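Numbering (the UniProt record's numbering), first residue to last: 1 to 1121.
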C-alpha cells in the first residue's frame, strides 16, 4: 500500500428551481464569474472570488450546438429554456401540474470530487477531463460543465451535468436519471473511474501516493488516510482563499483533527464523542448528549458528520464503534418507534439530580411560623387568589426544596416577592437565579431579590468542587440561603444537578418556579419536569395577565358570546379600546374574576397543550392574517405596526423564529421610521457589524460586558436601549433601566436593532400593548404558547400561504410538540396510555405509507388496500378514543407530546372534534360535498344506463338526466381545480382523497367543453382564430390562467398590464402577453379572454356555495349537527 492515501470525497445533488438557484447561478458560482439568467434577468456575480484553475464544457461529438460549448452562460440558459418548454408541453393538459413542474424542475445534476494533492498542478485539467469524459460524456452521453479549483492546495472539481442526454440527432432527448437509485449506482462507478484515472498517473510519475475511493466499511478500520478539508464547508465566505475565513480557525482545526483521529484510528471516535475538547471553563465534555438527553441513530451520525467538517463517509463505521462501547446506553424505542440512545454520563447526571432532590425533600431546615406567613399575606398581599396564596405557603414551607408550576401570566413574580418578605422576616438570606443575566436583573428589580445568572453560579460551584477555589466566592451557596430559580423550565439537567447537589451539600434551599409547557432548556434534559416527577409541585393555573376586552364587556352585560363576536366583527382596535375606557369599573370587576375573559381562556388552552383551539380563539376573531408570500407577510406586520402606532399604541412587540426574519422586520420598521422623518438617514450614522445605527435607533446588546472593560457602565446580554449618539469614535446608549453606557464601535460590535426579537427571547416578558407574531414552520407548541401569552391585550398572528396552504395547516404545525425527552421518559414509556399512543402513531404511519404509494403510482387504492386503510383507520380511532376518555388527562397529554401529538389532534382522530377549518376552506368543503354528491349520483346513473343498454347508452331514456348531472358535476370539478391545494385538502378532510384524480379529469373535460363553445361562437361570428403552433397552443393552455388572474387584478384593462408585471407583444399573429420576467413565454390575448370567460362560467356554483357556507356559519350548533 502507498505511504500516502488520499480519500476520494464526492458529493452529488440535483439542481432544483424550488431551491431558488438554478443552473445559471450554479455555473456562475463554479466559474467564479458573472452570468445573467435570461428568463428572470437576475445577475449572479462571483467575480470577486478566486478564479478556477480551468473550466470548460465537454459534450458528445454529435452535439448540435457546438457554439454553446464556449459560452457557459448561453448554454445553461438554453438548457433552462428547453426544460421549461419540454415540461409545458408534457403537462399541457394539466395547467396546475404544469406550473408546479416548471417551478420545481430539476434541470441538472451538480457535484464535486477531490483530486490528489500529490498530482502536479499543471496536470489537473488533463486528469479531470479524462475522468469526466469517461464517466459522463461516454457513459451517459451527457453534457458536463466543470471547473477546477486548486487554491490553498485544496484540489477539487465542481461539475454540473445537463439533465437530458444528447440523442443521435444531436439534440437534447430523454432524461439521464429518472430514479434516485440510478444516481446511486452510477456514482459508485464514477468514484471508481475517478480513483483509477488518478492512480494511473500517480503510478506513471512514480509517486508514493494512492487514491482510495472505497468506503471505510469495505476497507476496515485500520486504514490510515490523509484528510481533505472541503473548502465549501470549511469557509462560509468564498471571497478569500484562506479556508479559515468564515469559520473560526479553532473550529476548522478541531474538525481537521477529528477527521484525522477517526480515519487513522476509528476507535478513538469513541473518546472524541464521549470526552470531546476542553471549553473555556476547562471542562472536558463530549458531543453526545450535550444538547439532547436522548438521540436516535440518525442524530448520532449527524453529530459525527459535523465533528469532521462534513465527512459523512465515515459516519457508519464510527457509529458501529459507538454501539460496542459500554458508555453508550440503548434505552429502547420511543413512542414513534425510533430506537433511542443516551450516555452513561448523562444517565448518572439524571440519577444524581433525582437523588439530590430526594435528599433535599427529606430535610426540613427552613421552617417559617405560620402566623408570620399569614400575616404578611393578609397585610401586603391580601388580593392574591387562593392558588397564589397556596403557592406562597408551599414555597415558604420547611422542606429544603419547593417547586411551583405556574402558567404564563399567573403572577409568578408577585408570589416570589411575597415569599421573599416572609423568608427575610424569618432570618433567611434570599438569592435569585435566572437563565440569563437580563432576566436576573429583571428579577432583582421586580421582586427585590439579589440575582445572578444560573451559568455564573454553576461555574462558581464547579470550580470550587473541582479545584477547591473559585474566582467569585460570593456566588457559592451557603447554609441558610434560599436560592429562587426563575423560569426554571429553561434550566438543563447539568446545571440543575450542580445546583441541587451544591444546595444539598451546603444546607441551602432550592425554590424553582417555571412552566414546563414553555420553552425548555437549550442543553440536554428537561430538569424541571424531572424534579416535578420526583418531589411534586404546587400548581397555579389561574391566568391573570390578560385583561377584559369589549367582547367580555358585552358578555358581562348579558349578550351571548357568539353574538358579541359577531357584533364586533370589523370593528377597529381603537373602537374596541374605546368601549373598554367607557366601562372601566366593569372591566376592573371582570379582571378580578367577576366575568370570563376570552384571552385568558385562549391562554389556558395553549398552556394545556391544546394549541389548535388556543390559536383558534384568536383566528375566529380575525387576529390571524394570511399573506401570499413571505415578503408580503413581513410587509403586513410592518404596515399594521405603524397603523396601530398612529392610533396611539406605543407599547408593541414583534416576535419571529429566525434571526433572518428578525433582521428583515427590523429593516422594515427602520425604513418606515425614516420615511416619517422620525429616524435620520443611515448616511448620518455609522456601521457596526454590517448594520447601520443612527441616533434614535432602538437596539439591544447581544453579548455582555458586566465589568465595563469595553462598554463603560457595564451591560449584560439582552440589555436594550436607545442610541443617543453614534460617531466613529463613540456610541452612547440610554438603557431602559435609565443608565447611560458608551463604547468605541471599533472595539465593541455586539449590538443589534431591537424593533423585533425572537420568540425564545420573549419568554418572561409582559407587553402592555399589542404583540405581532410571525408564524413559520419553526414555531411549535411551546413557542406559540410563549408568543401568544405575552400581551395583556391583543396579539396578531401572521403567516404566508407559501408556507401554509391554509389556516388548518398552520394550526397543525403550531400544534407540534417539541422533542424534550428525559432518559427516564423512554425507559418508562410503557403501560396502557403509552401503548395506545404508540398504536395511534404506528397506524397513522402505515396509512400514510399506503396513500403515498398510491400517489407515486398515480392511481387509486386497490380493494385490498382500501380494506386495510379502513381497518387501520378504525384501529387508530379506537386507540385515540381510549386516550381522550382516560381518567388521567394530564398523563395522556404529556405522553402524547412525546410522540408529537397534540390533544386537539387526538380528539380529531377519535372523532369527537371537527378539524379546524378556515372560512375559505369551509366554502371549498361545501363545493367538494356537492361535487361528491353529483359525482356519486352520475356514476350510479351511468352504470345503470350502461347495464340496461350497452353500446346504446345515448338512446336510453335516462341519458338526458345523466348528461345534465355530468355537466353540473364537471363545472363543480372545474371550480375545485381552480383552488387545487385547498380542494385536495378538503377531499382528504371528507375522507375521499382518492377521488381527486377523477375531479381533475372532469375539470379537464369541462375546459374542453368551454373551449368548444368559444370556438363555435368565434366561428358563428366569422372570427376564426389564427392557427397556432403546437408549442404556442401549449403555452396558451398553461400560461393563460396565470396571466388572466393577474389581468383581473386591474379590471382586465390591457393598458394597465404593466402595473401587475405583465408585458405586451404585438406580432403578426396578434397581441400576446407575458410575464415581464419571462418574455419568451407568451400567451395570446384570445386565450386569456377565453380563460376569463371560463372563470365566469364556474363562478355561479361557487357563489351559491358561499351563500350556503354563510348560512351554515349562522346556524346554531344543533342545526349544524
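From the three backbone atoms N, C-alpha and C, an ideal C-beta is built for every residue, glycine too.
This one's a predicted model, so the numbers in the text were calculated from it and none came from an experiment.
query	result
Exposure of residue 210, with buried meaning 16 or more beta-carbon neighbours within 10 Å	buried
Alpha helix (DSSP H) segment containing residue 668, residue limits	659–675
Span separating the alpha-carbon of residue 701 from that of residue 657	19 Å
7 Å Cβ cutoff met for residue 436 and residue 453	yes
Beta-carbon separation (whole angstroms), residue 461 vs residue 476, contact threshold 8 Å	6 Å
Neighbour-count burial assignment, residue 885, 16 or more Cβ in a 10 Å radius	exposed
Bounding residues of the beta strand (DSSP E) (the contiguous stretch that carries residue 161)	156–162
7 Å CB neighbourhood of residue 59 in its chain, flanking five on each side removed	69, 137, 143 and 166
Within 7 Å, strictly: CB atoms of residue 401 and residue 535	yes
Residues bridged to residue 794 [DSSP beta-bridge criterion]	Note: residue 794 sits in no beta bridge, so no partner.
Span of the alpha helix (DSSP H) around residue 24	23–31
is_contact[residue 379, chain D] using C-beta, thresh 7 Å	Protein chain content of the structure displayed is limited to a single chain, and chain D is not contained in it.
Burial state of residue 243 (16 or more Cβ within 10 Å)	Because residue 243 sits at a pLDDT of 38, beneath the cut-off of 50, its placement in the model cannot be relied upon, and the point is left open.
Bounding residues of the alpha helix (DSSP H) (the contiguous stretch that carries residue 447)	437–447
Inter-residue Cα distance where the pair is residue 887 and residue 549	35 Å
Residues near residue 495 by beta carbon distance below 6 Å, same chain, minus five either side	454 and 458
Every unbroken alpha helix (DSSP H) within the region 53–124, with a cutoff of 4 residues, ordered by chain	72–90 and 95–103
Bridge-paired residues (DSSP) for residue 751	701
Beta-carbon spacing of residue 946, residue 940 below 7 Å	no
Nearest-angstrom Cα separation, counted from residue 338 out to residue 842	11 Å
Residues bridged to residue 13 (per DSSP)	110
Given 8 Å, three or more beta-carbon pairs between the region 701–719 and the region 744–751	yes
Status (buried if at least 16 other CB within 10 Å, exposed otherwise) for residue 224	With a pLDDT of 33 at residue 224, under the threshold of 50, the modelled position of that residue is not reliable, and the figure given next carries that caveat. With fewer than 16 other Cβ atoms within 10 Å, it is exposed.
Assigned exposure category for residue 890 - 16 Cβ within 10 Å defines buried	exposed
Sequence-distant residues of the same chain with beta carbon closer than 7 Å to residue 1124, five excluded per side	Because residue 1124 is not part of the residues shown, which for the chain are 1 to 1121, the question remains open.
Whole-angstrom distance between residue 395 and residue 655, CA atom to CA atom	33 Å
Enclosing beta strand (DSSP E) for residue 1071 [first to last residue]	1070–1075
Nearest-angstrom Cα separation, counted from residue 383 out to residue 927	54 Å
Contact set for residue 28: own chain, Cβ-Cβ below 7 Å, skip 5 residues either direction	34, 35, 44 and 46
Rounded separation between residue 465 and residue 424 - CA only	29 Å
Rounded Cβ spacing between residue 600 and residue 553 (contact assumed at less than 8 Å)	The pair is not a contact, with the Cβ atoms about 15 Å apart (cut-off 8 Å).
Three-way DSSP call (helix, strand, coil) for residue 1065 in this model	strand
Terminal residues of the alpha helix (DSSP H) in which residue 340 lies	Residue 340 -> not in any alpha helix (DSSP H); beta strand (DSSP E) instead, spanning 339–343.
Burial state of residue 472, where buried means 16 or more other Cβ atoms lie within 10 Å	exposed
Helix, strand or coil at residue 543 [DSSP, three-state]	coil
Where residue 410 sits in the DSSP three-state scheme	coil
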